[in-house]
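K.L.:
Handing you this structure, nothing more for now.
In this note's numbering, the protein residues as written are 1449 to 1661.
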């Protein structure tokens, strides 16, 4: 970003493009720092872990749960966490020779965030950081943790070399209930038992994931 200052000072107001003007906005600088340093930096590792074909479901759930836990810890100490971001935003603004300012507040606003704030740090903490952080927590929890019980039940589809025990049968029934609108009613129980029977034979090595099976 330091090079942006030189590029900007070499241009006249008429030649300065809109994209360059946009990245000099206070909200853009703070949003970029919130996303890169406090949100996406935590979700990047888990996004990579969720891509391999040999993904271990329980391990992935534990990783997601850890991220949600960290986000909630940040949420409880949101003032101190955002203060670090805001100080860095001020450093960038100084390098760009601009000042961090808050948007004008009105009584009736429908086109942008209009949260109350007595000063810039408070306004952007409420308008950007808290809203994005809460959104991340809610979305990750909804996509993964709300279906934690169902996701764990997929473990029953990896035979152990023995007949299915009560836990595996119970997990299988949960999957049937969850996917009942997409699975034919007839033959699924027999197919489940035959699947386990197949891997009780010494000639078949146990699968470690769905692709191996």
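Note that beta-carbon positions come from the ideal geometry of N, C-alpha and C, so glycine has one too. Computed from a prediction, not measured in an experiment: that's the story for all the values here.
Could you tell me the alpha carbon to alpha carbon distance between residue 1493 and residue 1511, rounded to whole angstroms?
P.N.:
Going by the C-alpha atoms only, they are around 9 Å apart.
K.L.:
Measuring only the C-alpha atoms, how far is residue 1479 from residue 1587?
P.N.:
Those two C-alpha atoms are separated by around 18 Å.
K.L.:
Considering only residues of the same chain and omitting the five flanking positions on each side of residue 1611, which have a CB-CB separation below 7 Å?
P.N.:
For residue 1611, where only same-chain residues beyond five positions count, the Cβ hits under 7 Å are 1644.
K.L.:
Please state the DSSP three-state secondary structure of residue 1619.
P.N.:
Three-state result, residue 1619: helix.
K.L.:
Do you know how far the Cα of residue 1598 is from the Cα of residue 1622?
P.N.:
Going by the C-alpha atoms only, they are around 7 Å apart.
K.L.:
Comparing C-alpha positions only, which one of 1483, 1539, 1525 and 1641 sits nearest to residue 1604?
P.N.:
If we check each option's Cα against that of residue 1604, 1641 comes out closest.
K.L.:
Have a look at 1582, 1536 and 1576 and flag the residue whose alpha-carbon is nearest the alpha-carbon of residue 1518.
P.N.:
The candidate whose alpha carbon is nearest that of residue 1518 is 1582.
K.L.:
Tell me whether the beta-carbon of residue 1477 lies closer than 8 Å to the beta-carbon of residue 1543.
P.N.:
Their beta carbons are not under 8 Å apart, which means residue 1477 does not touch residue 1543 by this criterion.
K.L.:
I'd like to know whether the C-beta atoms of residue 1533 and residue 1498 end up nearer to each other than 8 Å.
P.N.:
Going by C-beta atoms, residue 1533 is not nearer than 8 Å to residue 1498.
K.L.:
Alpha helix (DSSP H) containing residue 1523: first to last residue?
P.N.:
It spans 1505–1524 - the alpha helix (DSSP H) in which residue 1523 sits, taken as one unbroken run.
K.L.:
Cα separation between residue 1520 and residue 1592?
P.N.:
Cα to Cα, residue 1520 sits roughly 16 Å from residue 1592.
K.L.:
Return yes when the Cβ of residue 1487 is within less than 8 Å of the Cβ of residue 1600, no when it is not.
P.N.:
Not in contact: residue 1600 and residue 1487 (Cβ atoms no closer than 8 Å).
K.L.:
Out of 1516, 1620, 1608 and 1617, state which residue places its alpha-carbon closest to the alpha-carbon of residue 1653.
P.N.:
If we check each option's Cα against that of residue 1653, 1608 comes out closest.
K.L.:
Can you tell me the Cβ-Cβ gap for residue 1526 and residue 1578, rounded? I've got them flagged as a contact below 8 Å.
P.N.:
Indeed, because the Cβ distance is near 6 Å, the residues count as touching under 8 Å.
K.L.:
Determine the DSSP secondary structure at residue 1590, reduced to helix, strand or coil.
P.N.:
Here residue 1590 sits in helix by DSSP.
K.L.:
Would you mind sorting residue 1646 into buried or exposed? The rule is 16 or more other CB atoms within 10 Å of its CB.
P.N.:
The residue in question, residue 1646, is exposed, as its Cβ has fewer than 16 Cβ neighbours within 10 Å.
K.L.:
Quick one: grab the DSSP three-state call for residue 1574.
P.N.:
Looking at residue 1574 - three-state DSSP - the assignment turns out to be helix.
K.L.:
Give me the Cα-Cα distance between residue 1573 and residue 1547, rounded to the nearest whole angstrom.
P.N.:
Rounded to the nearest angstrom, the two C-alpha atoms are 17 Å apart.
K.L.:
Enumerate in chain order the residues of its own chain whose CB-to-CB distance from residue 1490 is below 8 Å, with the five nearest sequence positions on each side excluded.
P.N.:
Counting only Cβ-Cβ distances below 8 Å, and skipping sequence neighbours, we find 1515, 1518 and 1519.
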